[in-house]
Amino acid sequence: MRGARFLFGLIACLGASGFLAGGCGGDEPTNDGGAGGDGGSSSSSSGGEDGGPIPGSDGGDGAADAKPDANYPPPSITPGAKDRIMLVGTILTPGAVIPDGQVLIEGSQITCVEPGTGCNAKPGAVGATVIQTNGIVAPGMIDVHNHILFDIFDDDDWGPAKVYKNHDEWPNEPKYQAMLDVKQCLSNDSQGKPAWCASTPYGTAAGSLRCEMDKWGELKGLIAGTTSIVGLPGTSSACFGSITRSIDVSQNGLGTDKVQTSAIFPPSNPNGVCTNFGAGTTDAFIPHIGEGVDAKALAEFTSLGTMTTPAECLYAPQTAITHGVAFGPTEFATMAAKGMKLVWSPRSNFTLYHATANIPQARSAGVTIALGPDWSMGGSQNLLDELRFADEYDDKNWGNVLTPKELVTMATENGAKAVGLADRLGKIEVGAVADVAVYGGDRGKPYDAILAATPREVRLVVIGGVPLYGESVLEPAAPAPPGCEKLDVCGASKFLCVATASSASKLNQTHAEIKAALEQALKDADALTTADGWNFAPLAPLVHCK
Ligand SMILES: [Zn+2]
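Given below as structure tokens:
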């Protein structure tokens, strides 16, 4: 999606995002062309279906396909050093599945990946915390398309009134605008705050809940095995960055931010992006392009090529196009030839347009495909749900061309390629950053097990070598004081580590405090906007269970 309502020039979500202090996300200023698009009813090369069957009733939304993790042997732990962790289980490496193996994490890095007990010989293994996962040790997932400040909302708050042709047709709907008002107030956006916001504490720098909103989105990802999110949070504040990596900001924990995003079209300074490509300061440019099924959406691809000097400098390996719903073989052939990536968001696309990017065409052309849920209002609540939706959509519309391994690869290795960090992220490999997710399930079919998993089946999530979420029994591996919180996730007892010891910049907030602040703010907003008849409380939960 690209939410938008206000046209304040083309102040885009551009620029090495960490340098932008102001709000910059999908909700921010855009070229809101109003309803109707260009009147084109369809495109001959439009991807997706003509209202093809939506995946099953559980599609992308719950645990119906997942066996409770209690059906499988539980994990266990032998506590040791906090900064050295040995994970034992079925290991998913880039080249092969290791049915029984070890992964040694030292500090923030993976230092050993071996079958059997091969990592025991490493000096760092001596005295390490050892976790028998009895599960599947996989790379943490990378969400390449989210609008993280909207993650306080979900399907209960807004849904499409009809099927649309392109991205300009729905942002003017009154209920969407009312929801956007709430978002822009609570996050103290630089533009678009409603008048009623002045009666709240939120529309000020001191009262802004932007930190809490971002953390809520990071938490929704974390509990679903997501370790990095392109969330367009639009701030360089240190108040978050302590949970899942909001990767398109300077506080992503990687020491560098070379990701640029643009949720509007056209992007504001395309020549600047090309300059940054040349200077090596931008490794990933992730624009929304081709969101819709009509000629207007399709024409954005050509415009991307002609808007720069020299022409087509954005047709480059650093460019990862979000959406591409309107694209056909011509566009995908160009993308493949230029090494461009595609970021696929099937559930959101289907909800809004009854179509999605033609993945079989993109795949045949050789385009690298990553994945992201977009947001929770018609998109998936997390990447595990999005994977499940993608799998079911493929089964029902394309004849099951995508294998479970291919789908999981979209959410891991391909995501790392899309954000320009394939050298460090998205893989269980010596030298990679220790961003790891462990799933319960059938170890004999590990990729199927991930497709079946929900946050309940996520046994452990490690980010930068630090376990932040997992089975309660594994909490001894979690960070030292202030420690972690207990969390019931669809009947499973988990630990969740949010607060850090630092009192600076809200870093010491607990999950409970973040949740309470957001719940209260939504109630406050509703109380000030009773005339419209819509309520945006309660807060969207971290996970909907079924
Ligand atoms: Zn979007």
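Our numbering applies: residue 61 is where the sequence shown begins, and numbers increase by one.
Ideal Cβ placement from N, Cα and C applies to all residues, glycine included.
Computed from a predicted model, the values in this text were never measured in an experiment.
- Classified as exposed, Ser259 has fewer than 16 neighbouring CB atoms from the shown chains inside 10 Å of its CB.
- Of the candidates Glu272, Thr138, Ile346, the residue whose Cα lies closest to the Cα of Ala576 is Glu272.
- Look at Asp434: its beta carbon is less than 6 angstroms from one of the heavy atoms in ligand 1.
- Judged by DSSP in its simplified three-state form, Pro159 adopts strand.
- Between Gly500 and Ile283, the alpha-carbon positions lie close to 13 angstroms from each other.
- Counting along the chain, the unbroken alpha helix (DSSP H) around Phe449 starts and ends at 443-457.
- Here DSSP, grouped into helix, strand and coil, assigns Thr260 to coil.
- Under the three-state reduction of DSSP output, Lys182 falls in the coil class, being neither helix nor strand.
- Residue pairing by DSSP places Asp203 opposite Ile289 in a beta bridge.
- Of the residues assessed, Gln569 falls on the buried side of the cut-off, its CB having 16 or more other CB atoms within 10 angstroms.
- Nearest neighbour of Ala559 by Cα position, chosen from Ile303, Gly281, Ala478, turns out to be Ile303.
- A direct Cα-to-Cα measurement between Met395 and Cys373 gives close to 12 angstroms.
- Phe596 is positioned such that its CB atom lies no closer than 7 angstroms to that of Asp215.
- Ala393 is not a Cβ neighbour of Gly350, given a cutoff of 7 angstroms.
- Collapsing the DSSP output to three states places Glu233 in coil.
- Annotation for Val204: Val290, Ile346, Ala380, Thr382, Val403, Ala430, Leu431, Gly432, Gly475, Ala478, Val479 place their beta carbon closer than 8 angstroms to its own, counting only its chain and skipping 5 residues before and after.
- Taking all protein chains shown into account, Val186 has fewer than 16 neighbouring C-beta atoms within 10 Å of its C-beta and is therefore exposed.
- The three-state secondary structure of Gly195, taken from DSSP, is strand.
- Membership of Pro506 in any beta strand (DSSP E) is not indicated; the residue belongs instead to the alpha helix (DSSP H) covering 506-512.
- Note that the stretch 445-463 touches the stretch 509-520; at least 3 beta-carbon pairs, one per stretch, sit closer than 8 angstroms.
- For Arg270, the closest of Phe361, Thr335, Leu578, Asp143 by C-alpha to C-alpha distance is Leu578.
- Taking a C-beta distance under 7 angstroms as the contact criterion, Lys142 and Leu164 do not qualify as a contact pair.
- Distance from the CA atom of Cys557 to the CA atom of Glu360, rounded to whole angstroms, is 42 angstroms.
- Judged by DSSP secondary structure, Pro527 falls outside any alpha helix (DSSP H) and instead within the beta strand (DSSP E) spanning 526-531.
- Residue state for Trp276 is assigned as helix, using DSSP reduced to three classes.
- For Pro420, same chain residues with a beta-carbon under 6 angstroms away, outside a window of 5 residues either side, are Trp458, Val461 in chain order.
- A Cβ-Cβ separation of about 7 angstroms places Leu567 in contact with Cys299 under the 8 angstroms criterion.
- Sequence-distant Cβ neighbours of Asn331 in its own chain, meaning closer than 7 angstroms and more than five residues away, are Thr368, Thr369.
- Of Val309, Val522, Gly294, Ala561, the smallest CA-CA separation from Glu166 is found for Val522.
- Counting only runs of at least 4 residues, the stretch 387-438 fully encloses the following alpha helix (DSSP H) elements, listed from N- to C-terminal order: 389-398, 406-413, 419-425.
- Rounded to whole angstroms, the gap between the alpha carbons of Gly200 and Val496 is 4 angstroms.
- Judged by beta-carbon spacing, Leu443 lies beyond the 7 angstroms limit of Ala422, meaning their Cβ atoms are not closer than that value.
- Beta-bridge pairing by DSSP links Phe345 to Gln320, Thr379.
- By a beta-carbon distance limit of 8 angstroms, Glu573 does not contact Phe555. Their separation comes to about 17 angstroms.
- Counting other Cβ atoms within 10 Å of its Cβ, Gly426 stays below 16 and is therefore classed as exposed.
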